[in-house]
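Heads up: take any position in the sequence shown, counting from 1, add 79, and you land on the working numbering. Take a look at the structure below.
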Amino acid sequence: MERTERAGVVPTSVRRVVVASFVGTTIEWHGYFIYGTAALVFPALFFPGFGETAGTILSYTTFAVGFLARPLGGLAFGHYGDKIGRKAVLVLTLPIMGVATFLVGCLPAYAPIGVAEQRGQV
């Protein structure tokens, strides 16, 4: 017996993929939205000696470094994903991202350590 699909009905597997993609994308871009909004406060905390406009530009430059680093990470971890498996690389990269995020959160403001803080952000 041949199974036919009705027009306009989306199979459960497709719906599941769409929902998972939506949730993953929302979570990822939420972080960028939060950083982009907080970057307006960063000049006073992390770049006080540069003036408001230059500090804002430096804040968004730090933000841009993340976008520039993504393709490099994609090349490196994509290669390893093809060699040892995508799941193994995912399990490896999640703690790396967590530790890096934690360490950035532990950075003090500009006043205690000066320029070293700005290098730590990158």
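Ideal Cβ placement from N, Cα and C applies to all residues, glycine included. Bear in mind that the values here come from a model prediction, so they are computed numbers and not experimental data.
Distance between Ala-148 and Cys-185 (C-alpha atoms, nearest Å): 21 Å
Presumed contact (8 Å Cβ cut-off) between Phe-126 and Leu-119, rounded CB distance: No, Phe-126 and Leu-119 are not in contact; Cβ-Cβ is about 12 Å, not under 8 Å.
Closest residue to Ala-143 among Phe-112, Phe-156, Leu-171 (Cα-Cα distance): Phe-112
C-alpha gap between Ile-163 and Pro-174, whole angstroms: 17 Å
Outcome for Gly-134 when other beta-carbon atoms lying within 10 angstroms are tallied against a minimum of 16: buried
Beta carbon of Thr-132 nearer than 9 Å to that of Phe-156: no
Limits of the alpha helix (DSSP H) - the one that Ala-179 falls within: 165 to 184
For Phe-129, three-class secondary structure by DSSP: helix
Simplified DSSP assignment, three categories, for Ala-118: coil
Nearest residue (CA-CA) to Ala-117, options Val-170, Tyr-139, Leu-154: Tyr-139
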